[in-house]
Amino acid sequence: MIFKSQTKRKRNSAILSFPIPFIFRVEINRDLDKASKIISAVLPSSSFLVFEVSNGLQPQLLKWLESLEQVPADLSFNLMVRNPGDLSGEILLALRHLRRLNEFEIITGVLENQKESDRIIQALKRAEQSALRTRAVLEIGNEVGTESLQNFLDRLFSQTSAAVSLRRAGSEKLTLPNKWEVLFSGYLKKLHPLSFDECFPEINPRLWLGSISCRGGFGSGYVTAEGILKPCRLSDLVLGNLLKKDLEAIWADFMKNRGSSALCPLNVFEKRRQMINAPSSGQPFVLESGLKPVPLYRIRQGKFGATLIKNLDGLLLTEKGLKIIKEIDGNRTLKALKKKFGDEAVSLVFALFLQGFVRLEK
Amino acid sequence: MSGPMLEFSEFKKALSPESVITSVPGLYFSPRGNRCLVVEPETASWCILTEETRDYLTNQGLLRPDLEQRTWRHLNDLYLTSGGWNEERVDRILYSLFVRNMITLNGQTYYQPSNLWTVQKYPHYFNIHVAESCNLACRYCRCDHQSPDPMLMSVETCKKIIRRVMEEIPGEKIIIGFHGGEPLLNIDCIIEGARYVREIAPSLGKKVTLSLQTNGILLTKYSELLKELKVETGVSLDGPEAIHNRQRVFASGRGSFGEVIEGLRKARKIGLNPGLLAVVSDPENYTEVARFMVENLDSRSFRLNYLCYEGRAKKQFDFEVDRAAAFADNWLKLVDLAVDYQKKTGKWLSIDDLNLFIAHLADKSRPHMCYRSPCGAGNSILGFGYDGRIYPCEELVGKENFCLGTIDDPRPLSNLLMESEINQRIQEKRKVENINKCRTCPWRRFHGTGCLNKSYEFFGDTEFEDPMCYFYRRIFEELMWKVTENPELKNLIGHYHKYVEEEKINFIDNLI
Numbered sequence: 004m005i006f007k008s009q010t011k012r013k014r015n016s017a018i019l020s021f022p023i024p025f026i027f028r029v030e031i032n033r034d035l036d037k038a039s040k041i042i043s044a045v046l047p048s049s050s051f052l053v054f055e056v057s058n059g060l061q062p063q064l065l066k067w068l069e070s071l072e073q074v075p076a077d078l079s080f081n082l083m084v085r086n087p088g089d090l091s092g093e094i095l096l097a098l099r100h101l102r103r104l105n106e107f108e109i110i111t112g113v114l115e116n117q118k119e120s121d122r123i124i125q126a127l128k129r130a131e132q133s134a135l136r137t138r139a140v141l142e143i144g145n146e147v148g149t150e151s152l153q154n155f156l157d158r159l160f161s162q163t164s165a166a167v168s169l170r171r172a173g174s175e176k177l178t179l180p181n182k183w184e185v186l187f188s189g190y191l192k193k194l195h196p197l198s199f200d201e202c203f204p205e206i207n208p209r210l211w212l213g214s215i216s217c218r219g220g221f222g223s224g225y226v227t228a229e230g231i232l233k234p235c236r237l238s239d240l241v242l243g244n245l246l247k248k249d250l251e252a253i254w255a256d257f258m259k260n261r262g263s264s265a266l267c268p269l270n271v272f273e274k275r276r277q278m279i280n281a282p283s284s285g286q287p288f289v290l291e292s293g294l295k296p297v298p299l300y301r302i303r304q305g306k307f308g309a310t311l312i313k314n315l316d317g318l319l320l321t322e323k324g325l326k327i328i329k330e331i332d333g334n335r336t337l338k339a340l341k342k343k344f345g346d347e348a349v350s351l352v353f354a355l356f357l358q359g360f361v362r363l364e365k
Numbered sequence: 286m287s288g289p290m291l292e293f294s295e296f297k298k299a300l301s302p303e304s305v306i307t308s309v310p311g312l313y314f315s316p317r318g319n320r321c322l323v324v325e326p327e328t329a330s331w332c333i334l335t336e337e338t339r340d341y342l343t344n345q346g347l348l349r350p351d352l353e354q355r356t357w358r359h360l361n362d363l364y365l366t367s368g369g370w371n372e373e374r375v376d377r378i379l380y381s382l383f384v385r386n387m388i389t390l391n392g393q394t395y396y397q398p399s400n401l402w403t404v405q406k407y408p409h410y411f412n413i414h415v416a417e418s419c420n421l422a423c424r425y426c427r428c429d430h431q432s433p434d435p436m437l438m439s440v441e442t443c444k445k446i447i448r449r450v451m452e453e454i455p456g457e458k459i460i461i462g463f464h465g466g467e468p469l470l471n472i473d474c475i476i477e478g479a480r481y482v483r484e485i486a487p488s489l490g491k492k493v494t495l496s497l498q499t500n501g502i503l504l505t506k507y508s509e510l511l512k513e514l515k516v517e518t519g520v521s522l523d524g525p526e527a528i529h530n531r532q533r534v535f536a537s538g539r540g541s542f543g544e545v546i547e548g549l550r551k552a553r554k555i556g557l558n559p560g561l562l563a564v565v566s567d568p569e570n571y572t573e574v575a576r577f578m579v580e581n582l583d584s585r586s587f588r589l590n591y592l593c594y595e596g597r598a599k600k601q602f603d604f605e606v607d608r609a610a611a612f613a614d615n616w617l618k619l620v621d622l623a624v625d626y627q628k629k630t631g632k633w634l635s636i637d638d639l640n641l642f643i644a645h646l647a648d649k650s651r652p653h654m655c656y657r658s659p660c661g662a663g664n665s666i667l668g669f670g671y672d673g674r675i676y677p678c679e680e681l682v683g684k685e686n687f688c689l690g691t692i693d694d695p696r697p698l699s700n701l702l703m704e705s706e707i708n709q710r711i712q713e714k715r716k717v718e719n720i721n722k723c724r725t726c727p728w729r730r731f732h733g734t735g736c737l738n739k740s741y742e743f744f745g746d747t748e749f750e751d752p753m754c755y756f757y758r759r760i761f762e763e764l765m766w767k768v769t770e771n772p773e774l775k776n777l778i779g780h781y782h783k784y785v786e787e788e789k790i791n792f793i794d795n796l797i
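Just so you know, the protein sequences line up as chains A and B, in that order.
Quick note on numbering: the working numbering labels position 354 of the first sequence as 357, and the sequence is numbered without any gaps.
Quick note on numbering: the working numbering labels position 266 of the second sequence as 551, and the sequence is numbered without any gaps.
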């Protein structure tokens, strides 16, 4: 027996259509009390956070991060730091002791000065050799020449094992998108660990849409150090202030008043959904009924429903979806799931499979 | 299992133009020159792609370093857009990826990871600390040499342990190791224990291997006895005199090299032939220590352990947070040393754990309990303190928060294990999927979660990665490149040929 996926695109009723943000980027400055309040405000809905630290790795910050080890929720986080300075053994040791630290990321521009670039490369190398998972978040803008960008990327890839993510240095329109598209495609073709941290509207979305963690506001959000919640770092749209109003209320207000694509002019959320859910050729995808979906995610049940968490990726489910998910345990076959929940279970498994949230075993 | 069991012809039969090939998210890519190493972490599968193959697969969208989602293609589309590759060639590449779980065929994978990594059901190795005291005061040891209490196990306790494990543990093959401290300080226990084992083993249907790890000081005195008792003996010797004497000293500070060499000579003379184990405290010494073993001691099989953050070592040595890198760089030179030796003599060295790691690249079995997930603590090994207390691992002996009970406890050993909260926590939590840094590590199934005790000592908790995990990441990756360039390195597998036969290993197949 085989199951066919839906050939016409149809909303999957097990997956929440307009999920409340559950992946947050949070700006951290010196005011760690405010940061703690923001974390408390987002924790009921979130299991992973990306901290964007603007003023280096101060001892107070390390202590504050250490205190997050006590948070009862199943939390993990990435730490993004601008100007990390010289990473001393003491700092690296403190970072190693953060059980919930998933990735250590250094934000940098394209550095043409040999000394400056050496410092960043050394910092990445030391972090990597201290067993931290590392990444360079490279900010690029029109002032960067293609050759300089290529030289710096070549150095990062040849001298470190760090992954590299690209994001914009500012909001101006890129003047050389075609050249950069060719350059980035070249690195991806050679299988270098290059990805996109945020959207690059001028570049073909096929290149960046799959790798960004942004969901255009539905499922993701950016919080400034002052508590202001925005759909993303680059957006001017203010959804509310988490220090004044709770997330649920902010979200309820937004959902009540929202326009069709009000959160993101690029409609990233919908584009991602199309990329994942719609088979490109319209032909059936064959799944044997005896296959057993094996979860590769953790379930976080929170105030707003259930989130499936896989690394830094997540998916918010409806109540129906949660019921199905609870039966996915690596032992039940697709046939058994279908018998209990009907076609929707197969459809959900199919979506989870394509999104990399389950693997299928015999 | 040595290499894919699915034949290409069988794979081909499963293909049809409508077959759907999907990519597998989470692959690790490491480009080098025009080639690229690819690792599928969940099944510890790997290959090195040539430029041509890499370009073909990336053009088809089947490999991308940045996607968590799957991409998919119909086989027919792959044929139609193959850019000059014929169908047979496309099928062969897909086969190579399929048997490494790097693509799926109609959603299915070749290996079923849930069934691949099994945990041993009950321990087979019982490590008995017959003496917790020692006649040396090595600078890095965890044993407390200053205690006025000699901390020797009674013969009665030793026999009780032996009887209980032999009666209660279901397996036929059992290893009983005498350890310490310095076990030869309690020779009565060893004599009586060994004789007792020989006496009761036949009626209980057990095949028992007896082993002992000594610092070698008392070997001149006891070599003949150990030979007579058929105790497989290992001697700790850290290399040439200058290196050895820096760390392995008497309480007075005097080095012990002379006595150990003397003991070794005596043991060899009477045919005991002990194994050699060196602790390498300075990574720069790896090659020198190995050369000493080979050239001065005429040994082709020995073990080199790096110094761990434990016991007195914590105070005596600097443990830089990035020390693993220097250890890995120098450890890798052992491969060149072994190749040079083979060129000169025609013989291959067997250096632990180089031999084991070569086996890990060739096969999915994980013969060494320390490199599994969870590690062997409590499921493959039990440690017994001199006072009869029971611990999940030899390295945890004496650490009270890991104590499972005592040998006098009337409950069966299996109950002690099952009812112990700490053991339950170890078995459940100390898995690669539950440790944050391991969860996404490409090397998680090559290395497992690593040593529980070392994590505990370094981080103060067991739910952390191995503190030296960068060492393993580095060497597994480098070894993959090395064995692909020189497939003859499979001969370094040494005594692990028991688990994977050299003749079945063909590392050249990993170049696709």
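Think of the CB as a built atom: it goes at the ideal place given N, C-alpha and C, for glycine as much as any other residue.
Chain B contact for A/Q132 (CB, 8 Å cutoff): At least one CB of chain B lies nearer than 8 Å to the CB of A/Q132.
Do three or more CB pairs link the stretch 583–599 of chain B to the stretch 734–743 of chain B at distances below 8 Å? Short answer: they touch.
Does the separation of the CB atoms of B/L589 and B/A563 fall below 8 Å? A contact, by the Cβ cut-off of 8 Å.
How many angstroms separate the CA atom of B/L351 from the CA atom of A/E146? Correcting the residue identity first, residue 351 of chain B is Asp in this sequence and not Leu. Whole-angstrom Cα-Cα distance: 26 Å.
Given a cut-off of 8 Å, decide if A/I143 and A/V113 are closer than it, judged by their beta-carbon atoms. By the CB criterion at 8 Å, A/V113 and A/I143 fall inside the cutoff.
Short CB-CB distance (under 8 Å) between A/S2 and chain B: Residue 2 of chain A falls outside the range modelled here, since chain A spans only 4 to 365, and no answer is possible.
Smallest Cα separation from B/Y507: which of B/G540, B/E467, B/A527? The candidate whose alpha carbon is nearest that of B/Y507 is B/E467.
Determine, using beta carbons only, whether A/G359 comes closer than 8 Å to chain B. Yes, A/G359 lies at the interface with chain B (some Cβ there is under 8 Å from its Cβ).
Per-residue burial, B/N391 [other beta carbons within 10 Å of its own, 16 or more giving buried]: By the 10 Å Cβ count, B/N391 comes out buried.
With distances taken Cα to Cα, identify the nearest neighbour of A/L34 among A/V45, A/W67, A/I302. The displayed chain sequence assigns Asp, not Leu, to residue 34 of chain A. The shortest C-alpha to C-alpha distance from A/D34 to any of A/V45, A/W67, A/I302 is the one to A/W67.
Of the listed residues B/E373, B/I447, B/A422, nearest to B/D693 (C-alpha basis): Nearest Cα to B/D693 within the set B/E373, B/I447, B/A422: B/I447.
Count the other C-beta atoms from every protein chain shown that fall within 10 angstroms of the C-beta of B/Q532, then say buried if there are 16 or more, exposed otherwise. Answer is buried; the Cβ neighbour count reaches 16.
Beta-carbon of A/F27 versus every beta-carbon of chain B: anything under 8 Å? Taking Cβ atoms only, chain B never reaches closer than 8 Å to A/F27, which makes this a no.
Give me the DSSP bridge partner(s) of A/Y225. Its beta-bridge partners are A/R28, A/K233.
Go ahead and label A/S20 buried or exposed: buried means 16 or more other beta carbons lie within 10 angstroms of its beta carbon, across all protein chains shown. Exposed, by the Cβ-count rule.
Looking only at C-alpha atoms, which of A/L46, A/K341, A/I206, A/E364 sits nearest to A/L299? In this structure, A/E364 is the residue among A/L46, A/K341, A/I206, A/E364 with its C-alpha nearest to the C-alpha of A/L299.
Give the residues of chain A in contact with B/V606, contact being defined as C-beta atoms less than 8 Å apart. Within 8 Å Cβ-Cβ: G92, L95, L96, R99, S133.
Three-state secondary structure (DSSP) at A/I94? Of the three classes helix, strand and coil, the one that applies to A/I94 here is helix, per DSSP.
Quick check on A/N58: does DSSP put it in helix, strand or coil? In the three-state DSSP reduction, A/N58 falls in the coil class, being neither helix nor strand.
At least one CB of chain B closer than 8 Å to the CB of A/Q286: is that the case? Caution applies to A/Q286, whose pLDDT of 39 falls short of 50 and renders its modelled position unreliable; the model cannot decide the point.
Inter-stretch contact at 8 Å, needing at least 3 Cβ pairs: the stretch 316–323 of chain B / the stretch 762–769 of chain B: They touch, by the three-pair rule.
Less than 7 Å between C-beta atoms, sequence neighbours within five positions excluded: which residues of the same chain meet that for B/E788? Cβ neighbours of B/E788 beyond the five flanking positions: none.
Paired residues, beta bridge with A/A139 - DSSP: In DSSP, A/A139 forms a bridge with A/I109, A/V167.
Leaving aside the five residues before and after A/L90 along the sequence, list all residues of the same chain whose C-beta is less than 7 Å from its C-beta, in chain order. Contacts found: A126, R129, A130.
Tell me whether B/P310 is buried or exposed, calling it buried when 16 or more other Cβ atoms sit within 10 Å of its Cβ. Buried is the call here.
Please give me, in chain order, every unbroken run of the alpha helix (DSSP H) with length at least 4 that falls completely inside the stretch 563–632 of chain B. Runs found: 571–576, 598–601, 608–630.
Quick one: residues in its chain with C-beta nearer than 6 Å to the C-beta of A/S283, no 5 flanking neighbours on either side, listed in chain order? In this predicted model, A/S283 has a pLDDT of only 39, less than 50, meaning its place in the structure is not dependable; the value taken from the coordinates is given anyway. Excluding positions up to five away in sequence, the list is empty.
Within 8 Å, strictly: CB atoms of A/V361 and A/V349: No, they are not a contact pair.
Below-8 Å beta-carbon distance, A/N314 vs any chain B residue: At least one chain B Cβ lies under 8 Å of A/N314.
By a C-beta neighbour count over all protein chains shown, 10 Å radius and 16 as the cutoff for buried, is B/L681 buried or exposed? Under this definition B/L681 is a buried residue.
Can you tell me whether DSSP reads B/W357 as helix, strand or coil? Correct three-state label for B/W357: strand.
Exposed or buried, B/F792, counting other C-beta atoms within 10 Å across all chains shown (16 or more means buried)? So B/F792 ends up on the buried side.
Please state whether DSSP places A/F390 in a helix, a strand or coil. Past the boundaries of the shown model lies residue 390 of chain A; chain A is included only from 4 to 365, so the question cannot be answered.
DSSP beta-bridge partners of A/P296: A/L363, per the DSSP bridge assignment.
Check the Cβ-Cβ distances between A/V140 and every residue of chain B, and say whether any is below 8 Å. Between A/V140 and chain B, the shortest Cβ-Cβ separation is not below 8 Å.
Helix, strand or coil for B/H464 per DSSP? Strand, per DSSP.
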